[in-house]
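Below is one structure; the comments refer to it alone.
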Amino acid sequence: MLRGPGETDIALTVNGASVTVRAAPRRTLLDTLRETLALTGTKKVCDEGTCGACTILVDGRPVYSCMTLAVACEGKAVETIEGISKDGELHPVQRAFIDADAFQCGFCTPGQIMSIVALLRENAAPTEDDVRRAVAGNLCRCGAYPNIVKAGVSAGKRKS
Amino acid sequence: MNAFSYARPRALAEALRMLRNGAIALAGGTDLVGLMKDGLARPASLVDLTGIEGLRGWSHGKGRGLRIGALTPLVELETSDALAKTMPILRESLRDAATVQLRTMGTVGGNLLQRNRCWYFRDEGTVCWLKGGSRCFAIDGENRYHAIIGAQECVIVSPSDLVPALLAYDAEIALTSSRGTRQMKLADLFVAPHGRERREHALRPGELITEVRVPEAALARRGTYLKAMDRKAWSFALVSVAAAAKIERGVARDVRLIMGGVAPVPWRVSAAEKALEGTTLDDAACADAADRVLAGATPLRDNGYKVTLARELVRRALRSLVA
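In order, the protein sequences belong to chains A and B.
Quick note: the first sequence, position 131, residue 131 per this note's numbering, numbers continuous.
Quick note: the second sequence, position 130, residue 1130 per this note's numbering, numbers continuous.
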């Protein structure tokens, strides 16, 4: 079925809820999340796949939402920073970031956290090197990397 | 980004029909979406290939060699322990390619077809030679990342990490279009832009890469991939080297030596490989191979360092095969 170039209905799951959004095929998933669904926890910084601030999960895997077309996510499960806490309880990775003081300005934090959430699903007890590799695609201009790595390792211990 | 129509067919035949009618193929989008955002690609319609059954995953049948579907995400090649036993160089080459997110999105076929990273090419407002202009701005401009060898009118470099690794194992590719199928050496996919050939790939209009094939005999080789970067992560190769050989009683046979980041195409000099045949890959043989593979190098104003880097990377890669 050919869609567009005008707006089209796109059915997907966002943080566990089925939603249908209207967007043109050229609309990125990032803009759809932020502007159509008002999920502004996912940050728009470089908008060209070179910073990682827009990292979210699609079918459980970390991707850059700025380089993903919303229309290509039809039928897929999208998870954002807004969806990871449960019943008012912070996700273990969020808790670990607070405990390790793993952010300064905080703008890259949602992306960093989503990258580590994805890592922990594949590897419940990551080493420092595993965490470093997992967040190598998330720039932090404040330079909070040492504590981000600490948070990732301790979140693994917390979970397991 | 310009407006376009979009379809995600399940059947290969439907995708080929759309390609024949001028649609542009979308896989992981990590390169194409960037080109579209920068106005360097303005497709009227996109055909998303990721819904097509049967082009994803890999298999290794004894005697049949290794087959990798073109739509396989790079991360699947990187994380498979079974594949790391069959062809360890794949994981080695992918571990430092881009980032987890980009390797999750990016596919094998898309990686082979990614466009170059020259900043003049990537700048929307610059009509460089490759984009139909009259001159290459890098030749007399900022050229720290550009070619030191093998370039003609355009000094781009081959950017892929996966490609040199596959070439060191004599990979071939299967292609299909609405007119039929063909197979070719992966090496023949790459074109150094020159004359009227203002492009990097020899894909025909409407054609799709469906599979990468590595012959069984090549899988007996030892291989290694080394990559020099400006920083420790998330960087294209300044220079990379894939080396492979069959080591019999300490002596190298079927030597392959392919370099990325130095020329508009993956750089291979058969005289360098032949000179290494039957040697123990000792330092003298490695230095001789580096001389041969870089013979005729003509660095530009800012990239002379690549010659030094390339020589040492060649030595280390070859030495590691007998370590």
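Don't be surprised by glycine CBs; every beta carbon is placed ideally from N, CA and C.
Item                                                                                                                                                                                                    : Value
If you measure between the beta carbons of Val-131 (chain A) and Val-117 (chain A), is that distance less than 9 Å?                                                                                     : no
Against chain B, which members of the segment 50-71 of chain A pass a CB distance test of less than 7 Å?                                                                                                : Gly-52, Thr-55, Arg-61, Pro-62, Val-63, Tyr-64, Met-67, Thr-68, Leu-69 and Val-71
What separation, rounded to the nearest whole angstrom, lies between the Cα atoms of Asn-1143 (chain B) and Lys-1246 (chain B)?                                                                         : 37 Å
Applying a beta-carbon distance threshold of less than 8 Å, which residues of chain A neighbour Gly-1029 (chain B)?                                                                                     : Met-67, Thr-68, Leu-69 and Ala-72
Residues of the segment 1220-1250 of chain B in Cβ contact with chain A at a cutoff of 7 Å, in chain order, please.                                                                                     : Ala-1233 and Trp-1234
Need the endpoints of the alpha helix (DSSP H) that Leu-1276 (chain B) sits in, please.                                                                                                                 : 1270-1276
Answer yes or no: do Gly-1132 (chain B) and Thr-1126 (chain B) have a C-beta to C-beta separation smaller than 9 Å?                                                                                     : no
Within 10 angstroms of the Cβ of Ser-1045 (chain B), are there 16 or more other Cβ atoms? Answer buried if so, exposed if not.                                                                          : buried
Let me confirm a value: Leu-90 (chain A) is counted as buried when at least 16 other C-beta atoms fall within 10 Å, else exposed. Which label applies?                                                  : exposed
Going by beta carbon distance, what residues of the same chain come within less than 7 Å of Leu-1012 (chain B), once the five residues before and after it are set aside?                               : Ile-1052
Taking the beta carbon of Asp-1140 (chain B) as the centre, do at least 16 other beta carbons fall within 10 Å, making it buried, or is it exposed?                                                     : exposed
Per DSSP, which one or two residues make a beta bridge with Leu-191 (chain A)?                                                                                                                          : The structure shown does not extend to residue 191 (chain A), since chain A is modelled only from 1 through 160, so no value can be given for it.
Measuring alpha carbon to alpha carbon, tell me which of B:Gln-1114, B:Leu-1130, B:Thr-1086 and B:Glu-1076 ends up nearest Glu-122 (chain A).                                                           : B:Glu-1076
Got a sec? Which residues, its chain only, sit under 8 Å from Met-1105 (chain B) by beta carbon, not counting five neighbours each side?                                                                : Gly-1028, Gly-1029, Thr-1030 and Pro-1073
Cutting at 7 Å between CB atoms, please list the residues of its own chain near Gly-41 (chain A), excluding the five before and the five after it.                                                      : Thr-80, Ile-81, Glu-82 and Pro-110
Identify, in the order they occur along the chain, each residue of the same chain with its Cβ nearer than 8 Å to the Cβ of Thr-1280 (chain B), setting aside the five sequence neighbours on each side. : Gly-1250, Val-1251, Ala-1252 and Val-1322
Consult DSSP for Arg-1067 (chain B) and reduce its assignment to one of helix, strand or coil.                                                                                                          : strand
I believe Ala-1171 (chain B) touches Val-1108 (chain B) by the beta-carbon criterion, under 8 Å. Please report the beta-carbon distance rounded to the nearest angstrom.                                : That belief does not hold up - the Cβ atoms of Ala-1171 (chain B) and Val-1108 (chain B) are roughly 10 Å apart, past 8 Å.
For Met-1259 (chain B), is the classification buried or exposed, using 16 other Cβ atoms within 10 angstroms of its Cβ as the cut-off for buried?                                                       : buried
Compare the C-alpha of Thr-1181 (chain B) against each of B:Ala-1007, B:Ala-1317 and B:Thr-1210 and name the closest.                                                                                   : B:Thr-1210
Could you check whether the Cβ of Ser-1005 (chain B) sits closer than 9 Å to any Cβ belonging to chain A?                                                                                               : yes
For Lys-43 (chain A), which of helix, strand or coil comes out of DSSP?                                                                                                                                 : coil
Would you mind telling me which residues of chain A sit closer than 8 Å to Val-1108 (chain B), beta carbon to beta carbon, in chain order?                                                              : Chain A residues near Val-1108 (chain B): none, gap ~16 Å exceeds 8 Å.
Look at the alpha carbon of Gly-1065 (chain B) and the alpha carbon of Pro-1215 (chain B), and state the distance between them as a whole number of angstroms.                                          : 5 Å
Could I get the ranges of all uninterrupted alpha helix (DSSP H) runs contained in the segment 1159-1243 of chain B, with 4 residues as the minimum, in chain order?                                    : 1162-1167
So, at 8 Å on beta carbons, what are the nonlocal neighbours of Ala-1151 (chain B) in its own chain, with the 5 sequence-adjacent residues on each side left out?                                       : Ala-1192, Ala-1263 and Pro-1264
Could you tell me which chain A residues have their CB closer than 8 Å to the CB of Thr-1104 (chain B), listed as they occur along the chain?                                                           : Arg-61, Pro-62 and Val-63
Taking the straight line between their C-alpha atoms, what separation do you get for Arg-1003 (chain B) and Pro-1088 (chain B)?                                                                         : The residue you asked about is not Arg; residue 1003 (chain B) is Ala in the sequence shown. Their Cα atoms are separated by approximately 42 Å.
How would you label Ile-98 (chain A), buried or exposed, when you count the other beta carbons within 10 angstroms and need 16 or more for buried?                                                      : exposed
Start and end of the beta strand (DSSP E) containing Ser-18 (chain A)?                                                                                                                                  : 17-23
Helix, strand or coil: how does DSSP classify Lys-150 (chain A) here?                                                                                                                                   : helix
DSSP has Gly-1061 (chain B) in a bridge; who is on the other side?                                                                                                                                      : B:Gly-1065
Where does Ser-1320 (chain B) fall in DSSP's three states?                                                                                                                                              : helix
If Ile-1068 (chain B) and Pro-1043 (chain B) are in contact, beta carbons under 8 Å, what's the gap, nearest whole angstrom?                                                                            : Rounded, the Cβ-Cβ distance is 26 Å, inconsistent with contact.
Leaving out five residues on either side along the sequence, give the residues of the same chain with a beta carbon under 6 Å from the beta carbon of Ala-53 (chain A).                                 : Lys-43, Val-45, Cys-108 and Gly-111
When DSSP labels each residue in this structure, what does Thr-1079 (chain B) get in the three-state scheme?                                                                                            : helix
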